[in-house]
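Novice: Below is one structure. I have some questions about it.
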Amino acid sequence: MDLGADGSIFLTRHTLSGTSNWQTYTIKLNHDGILQWEMKRANPRGFDPRYIHDEAWGIRATPDGGCIITAGTGDEYRSYSETIGSDISDQWEVYAIKYGAEGTLEWEATYEAEEGDWAGKDLALTQDGGVIIAVDSSEFGFLKLPSFKVTTPSITNDR
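All the letters of the sequence shown, read from the start, carry residue numbers 173 to 331 under the working numbering.
Structure, rendered in structure tokens:
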């Protein structure tokens with residue numbers, strides 16, 4: 173969860189409620205706890221949604237009254253593996269989503285590791301206006317977005 177400058181409350185996690193598999197679930201409450209909006213997002217890479225897990229772990233309120241979340245996206249089913257172009261469903265990727273103040277989707281993007289799996293676990297806004305995402309890759313790493321409005325990353329892994 174995180175609090176906006178105006179006292180808004182942002183919450184995120186993942187849900188199976190009304191979905192074909194795990195999806196991100198994000199809500200915004202006003203300072204009195206009254207629901208302002210709720211959003212579900214999933215399957216940004218276009219695989220069979222019955223097998224894809226989109227697991228949200230971190231959220232930060234942004235200065236524009238919206239929020240950005242981080243998640244992991246991939247499948248965990250031994251009986252399923254699909255390829256679209258060079259993208260493979262069972263390779264986990266970081267999934268980042270930016271919502272505006274009214275809950276409108278501003279952008280979503282996935283980021284793949286140079287090798288192996290990635291999942292976004294938490295994030296912070298940086299003093300230079302960017303976003304840093306803590307990445308679970310079986311090693312400790314970070315993904316740096318230069319702005320919460322821009323989705324081009326730089327990658328740092330501590331090996």
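Even for Gly, the Cβ is constructed at its ideal location relative to N, Cα and C.
What does DSSP give as the partner residues of Trp279 in its beta bridges?
Specialist: In the DSSP output, where bridge partners are listed per residue, Trp279 has Lys270.
Novice: Among all the DSSP beta bridges, which residues are the ones paired with Thr245?
Specialist: In DSSP, Thr245 forms a bridge with Asp226 and Glu265.
Novice: Return the first residue and the last residue of the beta strand (DSSP E) that Gln208 is part of.
Specialist: Segment Leu207 to Arg213, the beta strand (DSSP E) holding Gln208.
Novice: Would you mind working out which of Asp289, Thr276, Thr187 and Ala268 sits nearest Met232, comparing C-alpha positions?
Specialist: Per the sequence presented here, residue 232 reads as Arg, with Met not at that position. Looking at the Cα atoms, Ala268 is the closest of the given residues.
Novice: For Asp178, count neighbouring C-beta atoms within 10 Å of its own C-beta (all shown protein chains included) and say buried if the count is 16 or more, exposed if not.
Specialist: It counts as exposed.
Novice: Taking Gln299 as the reference, which of Asp289, Ser319 and Ser309 has the closest Cα?
Specialist: Of the listed residues, the one whose Cα sits closest to Gln299 is Ser319.
Novice: Using the Cβ count rule (16 or more neighbours within 10 Å means buried), how would you classify Thr234?
Specialist: Flag for Thr234 reads buried.
Novice: For His225, which of Gly238, Glu274, Asp262 and Gln208 has the nearest alpha-carbon?
Specialist: His225 has its Cα closest to that of Asp262, out of Gly238, Glu274, Asp262 and Gln208.
Novice: So, for Tyr249: in the same chain, excluding its five sequence neighbours on each side, which residues have a beta-carbon less than 7 Å away from its beta-carbon?
Specialist: The residues are Tyr223.
Novice: Please determine whether the Cβ atom of Trp194 lies at a distance below 7 Å from any heavy atom of the ligand HEM.
Specialist: The model depicted lacks the ligand HEM and carries no ligand whatsoever.
Novice: Nearest CA to the CA of Leu188: which residue from Glu227, Gly218 and Ile240?
Specialist: When only C-alpha atoms are compared, the closest one is Glu227.
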